[in-house]
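Notes follow once the structure below has been shown.
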Amino acid sequence: MRKLILNPIHGSGAAARVALAMGLLLGSFSCGNVIAEDPQPGWTFIKETPEEHAAKMEWWNTARFGMFVHWGVYSVTGGEYRGKMPTNSAEWMMNKARIPIADYRTENVDKFNPTEFDADAFVGLAKEAGMKYLVITAKHHDGFSMFGSKASPYNVVDATPFKRDIMRELAEACKAQGIRFGFYYSQCQDWHHPGGIGNNWDKTIQRVSFDEYVREKAAPEIRQLLTEYGPISIFWWDTPRDMSKEAFDSLHSGTDLQPGIITNDRLGEEYAGDHKTFERKIPSEAPVGVDWEVCMPISGSWGYKKSDRDFKSSETLIRNLADIASKGGNYLLNVSPTGAGTLLPEATERLKTIGKWMKVNGESIYGTTASPFEELEWGRCTKKEFARGTTLYLHVFDWPKDGKLFLPGLQNKVEQAYLMADWQALNTQSSDLGVEVSLPEQAPDEINSVVVVNVSGALEIKPVLPTPNEDGTLTLSADMAYIHNNEGGEQASVREGRRREASSIGNWSDENAWVEWSFRIDSPGRYEVSAEFSLQDEKSRFRLGQPGQLQTVEVTSTGTARDFTTKSLATLNIDEAGDCILQIKPEKGSWSPIGLRKLVLTKQ
Ligand code: H79
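With mature numbering (1 follows the signal peptide of the UniProt record, and there is no 0) applied, the sequence shown corresponds to residues -36 to -1, 1 to 568, in that order.
Structure below.
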């Protein structure tokens, strides 16, 4: 796969050579530098080899955990304007309350004086929590620059009683304490500059063009941030909007000033950057082939909001970190300094609790890669792969009552298993089905106890087929089905319901599309097959059964496509123990699309 975007045109020799080759191929030259054309019309980027990209991302992928900070003049009133709380995220206050620029200045800018702010203590807390990088809002949508901007006097040094350059103090504290430092910069929205996007309420604005805003303010500010604040590791764009090639290039080229900088995917709609971003939510499955990060406020609001006591529990935060790491992503956890310049005690307490957990268990997070298992009923898994073996870190959220922790399908020889908390050795038992680890009765950590399992050789995990539970029933859900979409068509699909049980196979209008499930039966015999399905049309016919033994089934309308009913459809004779397949294929000519949530097999 070729990586587009990424490195600046003044990049390393190797990057320049790749760009040269690409440029020759594409025949585009400019000012002695060779620029490769992106398929996106108009945008020009240099190419970065996968090796160069991986080397650049290494520290970031090892870090796994960072601090996001939303701090601005909105924090003075904690998101409150004239006694009202107009928004659920305080940094949007000016917009939501339609505050005139002049009012925002008297109510917020003039009063910004966070005298209790101590950059060393602040960064110290991030470090204590186990965070490895810090990204802070240099300018949010409100247009107020939290550093001594030379491009706009609307900044913390020139326009507030505080007069201190917060970005400089933090940059220095981060450098001193070994924390990577990065800037958040809202490049398109600016509710203060007359060319910025977003302010449609203040009628006193004498509009100028967006390009002028970029030329006068955004581009010079970005250049200043990337040349006067030491090593900057991350540039975090936000809320991309359409813009001209000139504007895009002048913003993007700013990051050339720090060649190793990592940027996110929010500069322009089609701009991939170095990593994907997820906001507030953890994806249920990791995106494929890209680095990614979940940003999330520790409470409800990004910026400090007085009424917001919606702090996530330490349990949620620690488990989120393990969940994200188990999918191979980073966690950028946001905190919100107040107008005084400190965090609320709830936030400090959470960070310290995470820090205590990380002190014991950090090794199971830093430098790990995604879980090799599909789903684990007791928690999550992260891993580190080495030439001679693999270390598996089992993050146990639900400590098994029977003292048996099962690793489904693991075939490797176990060399050693122990509790991360005290190195207590644990017995394991291997079988064809997987590895069972014997645990002590008591979980060392109520939130997440880590069990370390060292295995030899490259990982070998046999896919584990579902099998009937103790009462003899087996549920084959929509999301477990393999859908044959005419090799790439989009007719039948799994429509994701909010809850897992509610997802269904839908849009099944093509009678050539069919589905199947694989499972394992240890106890042969007769199994009744019932289905939870919906059918809008009067009737539908399909064939159901094991390959070569399909039976014709007819079902009648359940009302609408949203009305699901459970009905018994057929009986299967399973003669032998072992792996089985069950298929459903539309009967050509008498098929009408059904919605299908699940099949349930019950031993007769
Ligand atoms: O900086 C944080 C947000 O302010 C910013 N991105 C994160 C990192 C962001 N800008 N726009 N959006 C996110 C998406 C739009 C959110 C909104 Fe709303 C929904 C704006 C108005 C309604 C949330 C709720 C913010 C204000 C009210």
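Every residue gets a Cβ at the ideal spot worked out from N, C-alpha and C, and that includes glycine.
Rounded to the nearest whole angstrom, the CA to CA distance from Thr79 to Phe111 is 16 Å. For Ser328, the secondary structure class from DSSP, reduced to helix, strand or coil, is helix. Counting along the chain, Trp201 sits inside no alpha helix (DSSP H); it lies in the beta strand (DSSP E) bounded by residues 198 to 202. One thing to note: Ala334 has its Cβ within 8 Å of the Cβ of Lys291. The bridge partners DSSP lists for Ile161 are Gln153. Taken through DSSP and simplified to helix, strand or coil, Met110 comes out as coil.
Going by C-alpha positions, Arg490 is about 53 Å away from Thr317. In this chain, the alpha helix (DSSP H) harbouring Trp24 covers 14 to 27.
Spatial neighbours of Lys91 in its own chain (CB-CB distance under 7 Å, excluding positions within 5 residues in sequence) are listed in chain order as Gln141, Ile143.
For Phe528, no beta strand (DSSP E) segment is defined, and its DSSP state is neither H nor E. As the crow flies, the alpha-carbon of Arg46 is around 23 Å from that of Leu307. Distance from the CA atom of Pro372 to the CA atom of Gly232, rounded to whole angstroms, is 42 Å. The C-beta distance from Val324 to Ala385 rounds to 6 Å, short enough to fall under 8 Å. When DSSP assignments are scanned along the segment 416 to 450, the uninterrupted stretches of beta strand (DSSP E) that are 3 or more residues long and fall wholly within it turn out to be 437 to 441, 446 to 448. Per the DSSP secondary-structure output, His239 pairs in a beta bridge with Asn228, Asp255. The continuous stretches of beta strand (DSSP E) do not include Tyr268, and DSSP gives it neither H nor E. At a cut-off of 7 Å, the beta-carbon of Lys269 does not count as near the ligand H79: no heavy atom of the ligand is closer than that. Contact between Thr392 and Glu405 does not hold, since the beta-carbon distance rounds to 17 Å and is not under 8 Å.
Under DSSP, Tyr382 takes part in a beta bridge, and its partners are Ala389, Val416. Just so you know, the alpha carbons of Ile538 and Gly523 end up roughly 33 Å apart. A Cβ-Cβ distance of about 10 Å is found for the pair Val99 and Cys138, leaving them out of contact under the 8 Å criterion. In the three-state scheme derived from DSSP, where H, G and I count as helix and E and B as strand, Leu134 is classed as helix. Taking one beta carbon from each stretch, the segment 209 to 217 and the segment 159 to 170 have fewer than 3 pairs nearer than 8 Å; the two do not touch. Buried is the label assigned to Trp56, since at least 16 other Cβ atoms lie within 10 Å of its Cβ. Of the candidates Asp166, Pro261, Asn59, Arg230, Pro261 places its Cα closest to the Cα of Met31. The closest CA to that of Asn284, considering only Thr302, Arg273, Gly267, Glu257, is found on Glu257. Bridge partners of Trp481 according to DSSP: Leu546.
For Thr203, the shortest C-beta to heavy atom distance toward the ligand H79 is below 7 Å. A heavy atom of the ligand H79 is found nearer than 7 Å to the CB of Lys60.
The criterion of a C-beta distance shorter than 8 Å is satisfied by Val33 and Pro301. The alpha-carbon of Pro427 is positioned some 26 Å away from that of Glu496.
Taking C-beta atoms under 8 Å as the contact rule, Glu434 and Pro488 fail to qualify, at a distance of about 17 Å.
Each residue's CA atom was taken as its position, placing Leu358 and Phe81 some 39 Å apart. Trp363 and Val299 have their C-alpha atoms spaced approximately 31 Å apart.
Remark: the shortest separation between the CB of Cys259 and any heavy atom of the ligand H79 falls under 7 Å. If you ignore the 5 residues before and after Asn52, its C-beta comes within less than 7 Å of the C-beta of Gly264, Ser265, all in its own chain and listed in chain order.
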